[in-house]
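Chemist: Dumping the structure here so I can ask a few things about it.
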Amino acid sequence: MVHSSYPQPGRQGRMLKMSELLRGLASYIRNSTNPDMHVISGQDWSEEEGYSAGTEPQQGRAELVDPKGNVDGVSVGDPQAGRLKYFMDGIERKHVPLYFSMVPIVYGYIAAVIRERGEDKRMCTFAEGHAFSEALFFPFRMVEPSGFMLAGLKTVNTENDEKPLEEHPMILREAARVAISNARGRLETELAKIWLEKMEGGQDWLVVDGSLGGTLGGDYRRYESPNVLGVIKSHQTQYFSMEEQRKILSLRAGERSGIFKPLGREHQAPVYSWYLRLRPCEGQDVYFGLVRIEAPANDRTIEMVDELSRWLLAERCPLSLPDSRWDRMFYPIRDCEQYLRSLAPTKTMLEASMIGLGA
Amino acid sequence: MEIESQRDMQQIGRVVATEAKPSTAYSFSFWTANDSKVGIGTLVVVKTAKVEVYGVVVEGFGFTDLNSALHDYIGSEGDPGTIAPTLRPEVKLYTAAVLRVDPEEPLQPVPVGPVYLADDFAVAKALRMDGYVGRSEIPVGLYQNGDLLSPVYLDAEFLLGPEAAHLNITGVSGLATKTSSIEFILLSIFSHFKEDVAVVCFNVKGCDMLFLDFPANAGEEHKYADLYEAHGISTLDETDAEKYKKLGIACKPFGNVKYFAPFKADRVNLNTLRTHPDLIRSVTPLSWGLKDILQFTEVVMNRDDVDAKADALIQYINQRVVDQVAEISESQKVEVRNFQDLNKWFDMVLQWMEQTNRSEFKTHHYATIRKVYNRLTNLSTRYKGLISPDEFESDLPWGEFEDRGVYVLDVASMDAQAQDLVFTRVVSKLREHLEKGNLGVKHVIVVVDELNKYAPSDGQDTYLRQTLLDISERGRYLGLVLFSAQQFRSQVHKRIVGNSATCIYGRMDMDELATPGYQVLTSATKEKLATLSKGQLMIRHPHFNQPIFVKFPRPNVLRGPDGIKMFPPSDDLPLDEAVWRNLARIDGGVSRNEVRDVIAASTDPEEIVRAMNITLQRVPEDPYSFFRNAIRKKAGVQQFNEDRPAIRVVSDPDSDDPFKD
Numbered sequence: 001m002v003h004s005s006y007p008q009p010g011r012q013g014r015m016l017k018m019s020e021l022l023r024g025l026a027s028y029i030r031n032s033t034n035p036d037m038h039v040i041s042g043q044d045w046s047e048e049e050g051y052s053a054g055t056e057p058q059q060g061r062a063e064l065v066d067p068k069g070n071v072d073g074v075s076v077g078d079p080q081a082g083r084l085k086y087f088m089d090g091i092e093r094k095h096v097p098l099y100f101s102m103v104p105i106v107y108g109y110i111a112a113v114i115r116e117r118g119e120d121k122r123m124c125t126f127a128e129g130h131a132f133s134e135a136l137f138f139p140f141r142m143v144e145p146s147g148f149m150l151a152g153l154k155t156v157n158t159e160n161d162e163k164p165l166e167e168h169p170m171i172l173r174e175a176a177r178v179a180i181s182n183a184r185g186r187l188e189t190e191l192a193k194i195w196l197e198k199m200e201g202g203q204d205w206l207v208v209d210g211s212l213g214g215t216l217g218g219d220y221r222r223y224e225s226p227n228v229l230g231v232i233k234s235h236q237t238q239y240f241s242m243e244e245q246r247k248i249l250s251l252r253a254g255e256r257s258g259i260f261k262p263l264g265r266e267h268q269a270p271v272y273s274w275y276l277r278l279r280p281c282e283g284q285d286v287y288f289g290l291v292r293i294e295a296p297a298n299d300r301t302i303e304m305v306d307e308l309s310r311w312l313l314a315e316r317c318p319l320s321l322p323d324s325r326w327d328r329m330f331y332p333i334r335d336c337e338q339y340l341r342s343l344a345p346t347k348t349m350l351e352a353s354m355i356g357l358g359a
Numbered sequence: 001m002e003i004e005s006q007r008d009m010q011q012i013g014r015v016v017a018t019e020a021k022p023s024t025a026y027s028f029s030f031w032t033a034n035d036s037k038v039g040i041g042t043l044v045v046v047k048t049a050k051v052e053v054y055g056v057v058v059e060g061f062g063f064t065d066l067n068s069a070l071h072d073y074i075g076s077e078g079d080p081g082t083i084a085p086t087l088r089p090e091v092k093l094y095t096a097a098v099l100r101v102d103p104e105e106p107l108q109p110v111p112v113g114p115v116y117l118a119d120d121f122a123v124a125k126a127l128r129m130d131g132y133v134g135r136s137e138i139p140v141g142l143y144q145n146g147d148l149l150s151p152v153y154l155d156a157e158f159l160l161g162p163e164a165a166h167l168n169i170t171g172v173s174g175l176a177t178k179t180s181s182i183e184f185i186l187l188s189i190f191s192h193f194k195e196d197v198a199v200v201c202f203n204v205k206g207c208d209m210l211f212l213d214f215p216a217n218a219g220e221e222h223k224y225a226d227l228y229e230a231h232g233i234s235t236l237d238e239t240d241a242e243k244y245k246k247l248g249i250a251c252k253p254f255g256n257v258k259y260f261a262p263f264k265a266d267r268v269n270l271n272t273l274r275t276h277p278d279l280i281r282s283v284t285p286l287s288w289g290l291k292d293i294l295q296f297t298e299v300v301m302n303r304d305d306v307d308a309k310a311d312a313l314i315q316y317i318n319q320r321v322v323d324q325v326a327e328i329s330e331s332q333k334v335e336v337r338n339f340q341d342l343n344k345w346f347d348m349v350l351q352w353m354e355q356t357n358r359s360e361f362k363t364h365h366y367a368t369i370r371k372v373y374n375r376l377t378n379l380s381t382r383y384k385g386l387i388s389p390d391e392f393e394s395d396l397p398w399g400e401f402e403d404r405g406v407y408v409l410d411v412a413s414m415d416a417q418a419q420d421l422v423f424t425r426v427v428s429k430l431r432e433h434l435e436k437g438n439l440g441v442k443h444v445i446v447v448v449d450e451l452n453k454y455a456p457s458d459g460q461d462t463y464l465r466q467t468l469l470d471i472s473e474r475g476r477y478l479g480l481v482l483f484s485a486q487q488f489r490s491q492v493h494k495r496i497v498g499n500s501a502t503c504i505y506g507r508m509d510m511d512e513l514a515t516p517g518y519q520v521l522t523s524a525t526k527e528k529l530a531t532l533s534k535g536q537l538m539i540r541h542p543h544f545n546q547p548i549f550v551k552f553p554r555p556n557v558l559r560g561p562d563g564i565k566m567f568p569p570s571d572d573l574p575l576d577e578a579v580w581r582n583l584a585r586i587d588g589g590v591s592r593n594e595v596r597d598v599i600a601a602s603t604d605p606e607e608i609v610r611a612m613n614i615t616l617q618r619v620p621e622d623p624y625s626f627f628r629n630a631i632r633k634k635a636g637v638q639q640f641n642e643d644r645p646a647i648r649v650v651s652d653p654d655s656d657d658p659f660k661d
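Just so you know, the protein sequences line up as chains B and A, in that order. Note that the working numbering has the first sequence beginning at 1, numbered continuously upward. Note that the working numbering has the second sequence beginning at 1, numbered continuously upward.
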C-alpha cells in the first residue's frame with residue numbers, strides 16, 4: 001500500500017498521515033496474549049543506511065563509448081545554469097520492535113519525493129511527487145502473518161521461495177533490510193514513472209540520487225528520450241583497470257572522464273556514464289568531490305555530456321553542509337532528504353508508541 | 001457597542017516547541033509562511049479543541065539551513081555575486097507573549113496547534129476589552145492585522161478613574177506623537193466618555209495648542225476656507241476619515257475652547273501667539289490679584305526668604321489684613337484689596353513703627369516686615385503681566401467649567417517661576433473645587449507637555465513637581481487626571497510615570513530605549529519603537545498584558561505652525577490702539593477716536609490700563625462711558641463712583657494730636 005500525498009506549498013489544513021502502522025502495531029501488541037512475543041522499546045534506529053549499506057567494493061565491467069576513445073579527463077567548461085529542475089531522492093527507516101519466537105519483526109518505513117525548483121529558486125514538492133509506505137517485514141514461513149493482517153497491519157514476506165532463509169535472527173534482519181531497500185527502490189521507480197508520464201517531451205530534467213538503471217528499471221525503454229540524470233556518490237563498483245581508474249581519480253575540478261556504458265545490467269535499462277569532479281581534491285581523499293553520472297544510453301547523451309556536466313557543476317552552490325557527503329551531494333538532493341526526514345516517523349515516535357508494551 | 005464575532009480567522013502559522021525553545025504558559029513560538037503578514041506587535045490566536053491562547057508577537061527570527069556563514073562563502077567561491085541555482089528554504093519564526101488564555105485555568109504551556117491572525121473579536125478578547133466595551137470604552141486607535149483594522153479601546157475607569165488613571169506619552173519631537181496623540185485621545189474621550197469632563201491644557205511651548213478650535217481640513221463652507229486653500233493646509237486624508245469612522249469619533253475639532261494668557265509687562269498686550277486680530281477676542285487675560293497670590297507665596301518667593309518668621313507674617317496678612325479694614329493704630333486704618341493697598345498698608349505700618357520707635361508690630365519684627373514687604377511688593381513687578389497691582393482680576397471660570405470644555409492656558413512665554421505659580425495655583429484650585437464638587441464638571445484632565453522639564457527625576461524639588469506628584473498620586477479619587485508628555489520618560493520623576501496607568505510610546509530614541517525603564521521590552525519591540533512611523537503608537541494599559549501597537553488618525557485640529565501661518569500674531573499694539581481693540585471686544589461700536597481722546601487727556605498710563613481692565617471685567621452696557629469714568633484723576637478727584645473705593649484711608653482725629661488744629 002502506497003500513500004501518496006499531494007502537498008502544495010501554502011495549502012492550508014494539509015494532514016500528513018504518519019506511521020499509522022506504528023499506532024496499529026502498538027494496539028496489536030497491547031491486545032495480544034501470545035507468550036512468544038518479545039517487545040523491544042530501546043533499540044538503535046537506522047536512519048542513514050541507503051542502497052550502499054552492506055555493498056562490498058567490487059569490480060564492474062564497462063564499454064567505453066566516448067568518441068575520443070579513452071577515459072582521459074576533459075574540461076567541461078564553466079558552470080552553466082541549465083534545465084535541471086526536478087530532483088528525486090528516497091529514504092528508509094528500519095527498526096525491530098518485536099520478536100516472535102526469536103524471529104525479528106522489522107518495521108520498515110520508506111519514502112521518496114520529487115522536489116521541483118520553482119521560478120523563485122525555492123524548492124517545493126512536485127505534484128504527486130511524494131510517496132511513502134510502511135510495513136512489517138519478516139519471513140511468513142516462520143511467523144504466521146494473518147494476525148497482523150487481521151489487525152490491518154501491512155506485512156511483507158522477506159523470504160524468497162526459491163531460496164529459503166536460515167533461521168538465524170541476524171540473517172533474517174539482513175533479509176528484511178534488503179527487502180526494505182528494494183521496496184524503496186520500487187517506490188522511487190514508481191515516482192519516476194509518474195514524472196516521466198507527466199513530463200515526457202518537456203525541456204526540464206530530473207536528477208535522481210543514485211543509479212539511473214535501478215530507478216528506471218526495465219521500463220526505461222518505454223521512453224524515447226527521458227530527461228533524467230542519475231548521480232552516484234559512492235564508488236563501490238570500479239569499472240576500469242587501475243591504470244584507467246588512476247586517470248579518473250586524478251580528474252581535476254571541472255573535468256569529466258570519457259563516457260562509458262556499464263555492463264552486466266541485464267534487467268536494467270542501459271545507461272551511459274561518466275565521472276565528474278565537482279571540487280578540487282588537493283589535500284583531500286581521491287574520491288573527494290567525485291561523482292559518477294548516469295544518463296540514458298543514446299546519442300543525445302554523448303552530444304550533451306559537457307553541457308550536462310556544466311549544469312551539474314552549477315549545482316555545487318549552495319553547499320550541502322553539514323551533510324558529511326557535502327562534497328558530492330547536490331543541495332536540491334539534500335533538500336529532498338530533509339523534506340522526507342521532516343515527515344518520517346522519528347525514533348522518539350517509535351519509542352513512544354512502544355512505551356510500556358515491553359513489560 | 002458590541003464587537004462582532006467572526007470565527008473564520010486566517011491561519012498563518014503553527015506553534016513549534018523544541019527542547020531548546022519550549023513553549024511556556026507565557027510565551028510560545030510559531031513559524032509562518034514567508035509571505036504572511038505577521039510582524040512585531042501582531043496579535044495571534046492559537047486554537048485547539050480545548051484552549052484558545054491569545055498572544056502578541058514580541059520577537060521574530062528568520063533563518064535558513066545554513067550552519068555557518070563560512071559555508072555560504074565557500075559555496076559562492078568567495079564571490080558575493082554568485083547566483084546559486086537554488087535558494088535555501090527560509091523560515092520565519094516568531095515568539096509571542098501570551099495575552100490571555102481561555103479558559104484561564106489550569107494555566108499550562110501553550111499547546112502545539114494552528115496559529116491564526118486575530119480578527120476584531122479576537123483582538124477584543126486578547127486585550128480583555130470584552131470586559132468593558134459597551135460600558136466604559138474609549139477608542140485609542142486601530143490595531144492593524146494584515147489588511148484588517150480593529151479598534152482598540154481603553155477602559156475609561158482606568159484612564160480617567162476611579163480604578164486607575166492618568167496617561168503618559170513618550171516620544172521624540174516632531175513626529176506627531178505627543179501633541180497629536182493627546183489631541184486625538186481627548187477628542188475620543190469627548191466623543192465616548194459618558195460623564196462630564198473638561199480639559200485644562202497648559203501650552204508650554206510655541207503654538208502647539210493654540211488652534212484647537214480650528215480644523216486641520218476646512219470644508220468649503222468653513223469661514224476661513226479660502227485662507228486654508230491659500231496656505232495649502234489640508235493635513236487629513238481619506239484614510240484618516242476612515243479611521244475616525246471605524247473608531248466612532250466625529251472628525252472635527254474641539255467645539256468649546258477657551259484660551260487664557262497673561263498680559264505682557266505693558267498689561268494691555270496679551271503674552272501669547274494667538275494675537276491675530278481675528279482670534280484675540282477668544283483669549284481671556286489671566287490676571288490674578290493679591291488674594292489669589294497670597295496663598296501661593298511660597299511658590300514665587302525664594303525658599304530662603306520664607307522662613308518661619310516671614311511665614312508667620314504672611315499668614316497674619318492673609319488672615320487679618322487682606323480683604324478687610326486693617327488697623328495699624330487706633331487712628332490709622334486701611335482696607336486692603338489689592339497689591340496697591342498692601343503697599344499702602346506696609347508703608348503705614350513701617351511708618352508707624354518708625355514714628356513710635358517700635359521694633360515690633362503685632363509681634364512681627366521690623367526687619368521681618370521690611371523683608372516681606374520687599375518680597376511681596378516685588379511680585380507685582382516681577383510678574384507684571386500675571387499679577388494685577390489693582391483690583392482687576394481675570395481668571396478661569398471656577399465653578400462654571402463646562403462639560404467638553406477645553407481651557408488652554410498659554411504659559412509658553414512665561415519664565416519658569418511664573419509657570420510654577422500658574423501650574424500650582426490652577427491645579428490647587430481645580431482640586432479644591434473638585435473636592436467640594438462645585439467646579440461645574442466631575443472630571444478634569446490636566447494636560448502638561450515637557451514633563452521632563454517640569455517634573456524631572458533629579459534636580460531641585462519644585463512646587464510644580466510636587467503639584468504634579470500630588471495629581472498623579474491622589475488625583476484620580478477627585479476626578480483630577482494628568483495627561484502628560486515628554487521626550488525622555490527616563491528623566492521624569494518615577495512616581496509620576498509610575499502612577500500613569502496608561503502609557504503611550506511613539507518613536508523613541510535608541511539612547512532612551514537603552515535605559516533601565518525599557519528592560520521589559522524585547523529587543524525587537526525596542527527596535528520597532530525606534531523606527532515607528534508617524535501615527536503609530538505603542539500602548540500599555542492595565543487591561544493589556546503586553547504592549548500593543550496601534551495606528552491613530554491625525555487629529556482634526558489645526559497644527560500650531562499652520563495656525564501661525566494662517567493667523568500670524570499681531571505686533572504689540574500701542575496703548576491707545578490696544579485699549580480700543582480690547583474695548584471693541586465687548587462692544588464693536590466703540591469709537592477709536594473717542595478712546596484715543598480719553599487716553600490723550602490722561603497722564604497716567606497705569607490708570608488707563610486699570611480702567612480698561614475694570615471695564616473688561618465688568619462688561620458694562622456702555623463700555624466707552626464706563627471706561628472714561630473709571631479713569632481716576634491724578635489730583636485725587638475720584639470721578640468713578642465704585643461700590644467701594646479702591647483705597648480708603650481712615651484718619652480719625654486724635655484728641656492728643658498737637659497739630660489737630
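Just so it is clear, CB atoms sit at the ideal spot from N, CA and C, and this is done for glycine as well.
Report buried or exposed for Pro80 of chain A, applying the criterion of at least 16 other Cβ atoms within 10 angstroms of its Cβ.
Modeler: So Pro80 of chain A counts as exposed.
Chemist: How many Å lie between Leu573 of chain A and Asn269 of chain A at the Cα?
Modeler: Approximately 7 Å between the Cα atoms of the pair.
Chemist: Against Asn67 of chain A, what residues of chain B qualify as contacts under a CB-to-CB distance less than 8 Å, listed in chain order?
Modeler: Result: Leu321 and Pro322.
Chemist: Would DSSP call Thr86 of chain A helix, strand or coil?
Modeler: Residue state, collapsed to three classes: coil.
Chemist: For Thr603 of chain A, count the other beta carbons within 10 Å of its own beta carbon; 16 or more makes it buried, fewer makes it exposed. Which is it?
Modeler: Its Cβ having fewer than 16 others within 10 Å, Thr603 of chain A is exposed.
Chemist: Lys68 of chain B to Arg184 of chain B, Cα distance in whole Å?
Modeler: Their Cα atoms are separated by approximately 38 Å.
Chemist: Helix or strand or just coil, what does DSSP make of Lys233 of chain B?
Modeler: The answer is coil: DSSP assigns Lys233 of chain B none of H, G, I, E or B.
Chemist: By alpha-carbon positions, which one of B:Glu200, B:Ser225, B:Thr346 and B:Trp311 ends up nearest to Arg300 of chain B?
Modeler: For the residues B:Glu200, B:Ser225, B:Thr346 and B:Trp311, the minimum Cα distance to Arg300 of chain B belongs to B:Ser225.
Chemist: Report the residues of the segment 291-325 of chain B with a CB closer than 8 Å to any CB of chain A, ordered along the chain.
Modeler: Taking 8 Å as the Cβ-Cβ cut-off against chain A, the residues of the segment 291-325 of chain B that qualify are Ala314, Glu315, Arg316, Cys317, Pro318, Leu319, Leu321 and Pro322.
Chemist: Count the other C-beta atoms from every protein chain shown that fall within 10 angstroms of the C-beta of Asp66 of chain B, then say buried if there are 16 or more, exposed otherwise.
Modeler: Buried, because 16 or more other Cβ atoms sit within 10 Å of the Cβ of Asp66 of chain B.
Chemist: Secondary structure at Phe549 of chain A, three-state DSSP: helix, strand or coil?
Modeler: In this structure, Phe549 of chain A counts as strand in the three-state DSSP scheme.
Chemist: Curious, which full-length beta strand (DSSP E) runs of at least 3 residues does the segment 402-476 of chain A contain?
Modeler: Runs found: 406-410 and 443-448.
Chemist: What did DSSP end up calling Gly60 of chain A once you bin it into helix, strand or coil?
Modeler: Reduced to three states, the DSSP call for Gly60 of chain A is strand.
Chemist: Do the segment 209-218 of chain A and the segment 227-243 of chain A meet, that is, are 3 or more Cβ pairs less than 8 Å apart?
Modeler: Touching, yes.
Chemist: Do you know offhand how far Val609 of chain A's Cα is from Tyr624 of chain A's?
Modeler: Going from the Cα of Val609 of chain A to the Cα of Tyr624 of chain A covers about 14 Å.
Chemist: Give me, in chain order, the residues of the same chain whose beta-carbon lies closer than 6 Å to that of Glu59 of chain A; leave out the 5 immediate sequence neighbours on both sides.
Modeler: The residues are Thr95, Thr522 and Ala524.
Chemist: Taking only runs of the beta strand (DSSP E) that begin and end inside the segment 88-169 of chain A, which ones reach a length of at least 3 residues, in chain order?
Modeler: DSSP runs (the beta strand (DSSP E)) wholly in the segment 88-169 of chain A: 91-102, 114-117, 137-145 and 148-155.
Chemist: Within the continuous alpha helix (DSSP H) that includes Met304 of chain B, where are the two ends?
Modeler: Where Met304 of chain B is concerned, the enclosing alpha helix (DSSP H) stretches over Asp299 to Ala314.
Chemist: In terms of alpha-carbon separation, which member of A:Arg382, A:Asn545 and A:Ile293 lies closest to Val520 of chain A?
Modeler: Nearest option by C-alpha distance: A:Asn545.
Chemist: Within the continuous beta strand (DSSP E) that includes Ile110 of chain B, where are the two ends?
Modeler: It spans Val103 to Arg117 - the beta strand (DSSP E) in which Ile110 of chain B sits, taken as one unbroken run.
Chemist: I'd like to check one pair, Glu337 of chain B with Ile91 of chain B: are the Cβ atoms closer than 9 Å?
Modeler: Yes, the pair counts as a contact, with Cβ atoms nearer than the cut-off.
Chemist: Closest Cβ-Cβ distance between Gln284 of chain B and chain A: below 9 Å?
Modeler: Answer no: the Cβ-Cβ gap between Gln284 of chain B and chain A never drops below 9 Å.
Chemist: Taking the DSSP output, what are the residues bridged to Thr125 of chain B?
Modeler: Thr125 of chain B is bridged to B:Arg115.
Chemist: For the alpha helix (DSSP H) containing Tyr339 of chain B, list its first residue and its last residue.
Modeler: Its alpha helix (DSSP H) spans residues Tyr331 to Leu343.
Chemist: Beta-carbon of Arg122 of chain B versus every beta-carbon of chain A: anything under 9 Å?
Modeler: Yes, contact with chain A.
Chemist: Let me check one thing: in DSSP terms, what residues is Cys503 of chain A bridge-paired to?
Modeler: The partner list for Cys503 of chain A (beta bridge, DSSP) reads A:Asn168 and A:Arg540.
Chemist: Let me know the alpha helix (DSSP H) ranges lying completely inside the segment 200-260 of chain A, each 4 residues or longer, listed in chain order.
Modeler: Entirely contained in the segment 200-260 of chain A, the alpha helix (DSSP H) runs reaching 4 residues are, in chain order, 225-230 and 238-247.
Chemist: If you draw a straight line from the alpha carbon of Glu351 of chain B to that of Gly24 of chain B, how long is it in whole angstroms?
Modeler: Cα to Cα, the separation comes out at about 14 Å.
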